[in-house]
Amino acid sequence: MNKKKKRIPLKQILNKPSIVCLTAYTAPIAAIVDKFADIVLVGDSLGPVLYGYKTTRDVDLEMMIKHAKAVVENTKKAFVVVDMPFGSYERSKNQALKNAKRIISSTGAMAVKLEGGKKISNTIKFLTENKINVMGHLGMLPQSLRGKPKVYGYKSNEKKKIFEDMTLLENSGVFSIVIECTIKKLVDDLIMRTQLPLIGIGASPKCRGQIVVTEDILGMTEFNTKFSKKYLEFLKEANKSIKRFTLDVKNKKYPNKNQCY
Ligand code: KIV
């Protein structure tokens with residue numbers, strides 16, 4: 001099915017001055033974001049957002065594959081990237097390759113994303129040498145979180161580390177890197193030092209692209225942090241609508257005559 005669709009070529013996306021990236025986990029959201037996004041990420045944020053998990057570490061490969069299939073089937077043009085979940089790539093290069101190939105072949109997605117720098121740069125190189133498109137992810141790394149999320153870049157060692165990690169990822173052949181929750185000055189320095197398009201989330205407006213969790217900007221979650229911006233208050237509107245439905249049922253107003261067979 002995917003093969004017949006005319007997807008935006010990756011090269012064309014990477015040359016754009018502004019790259020729009022949105023997450024999608026489900027068929028209806030995929031169909032909406034496909035109209036606007038260059039890249040659609042099936043993020044492992046689906047654990048907390050859809051399933052109410054505390055962290056993304058509880059998400060497994062089967063869940064990612066199911067949701068990625070729905071997203072690929074319900075998009076026509078966007079380039080679809082799938083997060084490799086925690087536990088699916090850290091053990092060895094071969095484990096990562098086997099699972100990346102499985103994600104791509106069973107969903108029709110075009111690329112995978114892995115979190116981390118030095119620790120996994122050889123694995124990423126192995127994937128790209130085996131013709132897997134890989135997106136990197138640096139800065140705050142949700143899969144490695146112990147406790148509350150912390151903004152990346154305030155500690156003195158973090159600056160050196162992220163520069164090293166970015167260079168390693170660049171040399172490993174990633175096509176782009178997501179930079180999450182990192183102080184703006186550091187992100188702006190990173191941008192100056194790389195040819196790769198950096199995709200920010202809580203990073204800097206100077207990043208070539210921005211990514212957000214679609215449910216967050218639609219107000220479908222209660223996620224609220226410095227970089228949050230709600231373009232719709234879905235939860236508030238949904239509450240009002242469900243309340244109206246409830247009243248209609250109680251007052252025998254739904255279904256009305258015209259809504260009955
Ligand atoms: O899982 C996810 O949705 C992500 C983005 C927030 C970058 O990794």
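Per the numbering used here, residue 1 is the first one in the sequence shown, and the count goes up by one each step.
For every residue, glycine included, the Cβ atom is placed at its ideal position computed from N, Cα and C.
Problem - Coil, strand or helix - residue 198 by DSSP - result: For the purposes of this step, residue 198 is taken as the residue at position 198 of the sequence shown. It is a strand residue.
Exercise for the section: Go through its chain and collect everything with a Cβ distance to residue 100's Cβ below 6 Å, but skip five positions before and after it. Expected result: Reading the sequence shown from its first residue, position 100 is the one you call residue 100. 112, 127, 132.
Exercise for the section: Go ahead and pull the three-state DSSP assignment for residue 75. Expected result: Sequence index remark: in the sequence shown, residue 75 carries index 75 (1-based). Residue 75 falls in the coil class under three-state DSSP.
Practice task
Return yes when at least one heavy atom of ligand 1 lies under 7 Å from the C-beta of residue 180, else no.
Solution key: For the purposes of this step, residue 180 is taken as residue 180 along the sequence shown, with counting starting at 1. Residue 180: yes, Cβ under 7 Å from ligand 1.
Practice task
Pick helix, strand or coil for residue 176, following the three-state DSSP scheme.
Solution key: Within the sequence shown, numbered from 1, the residue matching residue 176 stands at position 176. Residue 176: strand per DSSP, three-state reduction.
Handout entry: Assigned secondary structure, residue 51 (DSSP; H/G/I helix, E/B strand, else coil)
Key = Stepping through the sequence shown from its first residue, residue 51 is reached at position 51. Correct three-state label for residue 51: helix.
Practice task
Indicate whether the contact test is met: 3 or more Cβ pairs, each with one atom in the stretch 15 to 28 and one in the stretch 114 to 125, closer than 8 Å.
Solution key: no
Problem - Range of the contiguous beta strand (DSSP E) that encloses residue 138 - result: Within the sequence shown, residue 138 is the residue found at index 138, counting from 1. 134 to 139 is the extent of the beta strand (DSSP E) around residue 138.
Problem - Sub-8 Å separation of residue 115 and residue 144 beta-carbons - result: Here residue 115 corresponds to residue number 115 of the sequence shown, with the count starting at 1. Here residue 144 corresponds to residue number 144 of the sequence shown, with the count starting at 1. It is a contact, given that the beta carbons lie within the stated cut-off.
Exercise for the section: Select from 97, 138, 10 the residue whose C-alpha is nearest the C-alpha of residue 158. Expected result: Along the sequence shown, one-based indexing puts residue 158 at 158. Closest by alpha carbon: 138.
Exercise for the section: Can you give me the Cβ contacts of residue 141 inside the same chain, cut-off strictly under 8 Å, excluding the 5 residues immediately before and after it? Expected result: On the sequence shown, position 141 is the one that residue 141 refers to. Result list for residue 141: 115, 116, 180, in chain order.
Practice task
Closer than 7 Å by C-beta to residue 165: which residues in its own chain qualify, once you throw out the five before and the five after it? Chain order, please.
Solution key: Stepping through the sequence shown from its first residue, residue 165 is reached at position 165. 117, 118, 138.
Practice task
Please determine, among 77, 60, 110, 103, the residue with the shortest C-alpha to C-alpha distance to residue 87.
Solution key: By 1-based counting over the sequence shown, the position of residue 87 is 87. Of the listed residues, the one whose Cα sits closest to residue 87 is 60.
Problem - Cβ-heavy atom distance, residue 67 to ligand 1, below 7 Å - result: As a working mapping, residue 67 is identified with position 67 in the sequence shown. False, no ligand heavy atom lies under 7 Å from that Cβ.
Problem - Check whether residue 39 and residue 81 have beta carbons under 8 Å apart - result: Taking the sequence shown and counting its residues from 1, one reaches residue 39 at position 39. Taking the sequence shown and counting its residues from 1, one reaches residue 81 at position 81. Yes, the Cβ-Cβ distance between residue 39 and residue 81 is below 8 Å.
Problem - heavy atom of ligand 1 below 7 Å from residue 219 C-beta - result: Position 219 of the sequence shown holds residue 219. Checking every heavy atom of ligand 1 against the Cβ of residue 219, none is found closer than 7 Å.
Practice task
Use the C-beta contact count for residue 258: other C-beta atoms within 10 angstroms, 16 or more gives buried, fewer gives exposed.
Solution key: Reading the sequence shown from its first residue, position 258 is the one you call residue 258. The residue in question, residue 258, is exposed, as its Cβ has fewer than 16 Cβ neighbours within 10 Å.
Handout entry: Expected contact under 8 Å - CB spacing of residue 187 and residue 136 to nearest Å
Key = Indexing the sequence shown from 1 puts residue 187 at position 187. Indexing the sequence shown from 1 puts residue 136 at position 136. Between residue 136 and residue 187 the Cβ distance is about 14 Å, and since that is not below 8 Å, they are no contact.
Exercise for the section: Go ahead and pull the three-state DSSP assignment for residue 40. Expected result: By 1-based counting over the sequence shown, the position of residue 40 is 40. Reduced to three states, the DSSP call for residue 40 is strand.
Problem - C-alpha distance - residue 229 paired with residue 236, whole-angstrom precision - result: Counted from its first residue, the sequence shown places residue 229 at position 229. Counted from its first residue, the sequence shown places residue 236 at position 236. Straight-line Cα distance between these residues: approximately 15 Å.
Practice task
Look at the alpha carbon of residue 65 and the alpha carbon of residue 49, and state the distance between them as a whole number of angstroms.
Solution key: Indexing the sequence shown from 1 puts residue 65 at position 65. Indexing the sequence shown from 1 puts residue 49 at position 49. Cα to Cα, residue 65 sits roughly 17 Å from residue 49.
Handout entry: Residues near residue 204 by beta carbon distance below 6 Å, same chain, minus five either side
Key = For the purposes of this step, residue 204 is taken as residue 204 along the sequence shown, with counting starting at 1. Excluding residues within five positions, the ones whose Cβ falls inside 6 Å are 184, 187, 188.
Problem - Length of the line joining the Cα atoms of residue 269 and residue 252 - result: Outside the shown range of the chain (1 to 261) lies residue 269, about which nothing can therefore be said.
Practice task
Would you check if the distance between the CB atom of residue 163 and the CB atom of residue 193 is smaller than 8 Å?
Solution key: Translated into the one-based positions of the sequence shown, residue 163 becomes position 163. Translated into the one-based positions of the sequence shown, residue 193 becomes position 193. Contact flag set, yes.
Exercise for the section: Specify the secondary structure class of residue 225 as computed by DSSP and reduced to three states. Expected result: One-based indexing of the sequence shown puts residue 225 at position 225. Note: residue 225 maps to coil in three-state DSSP.
Problem - Nearest-angstrom beta carbon gap, residue 21 and residue 211 [assumed within contact, 8 Å] - result: Walking along the sequence shown from the start, residue 211 turns up at place 211. Walking along the sequence shown from the start, residue 21 turns up at place 21. Correct: roughly 4 Å between the Cβ atoms.
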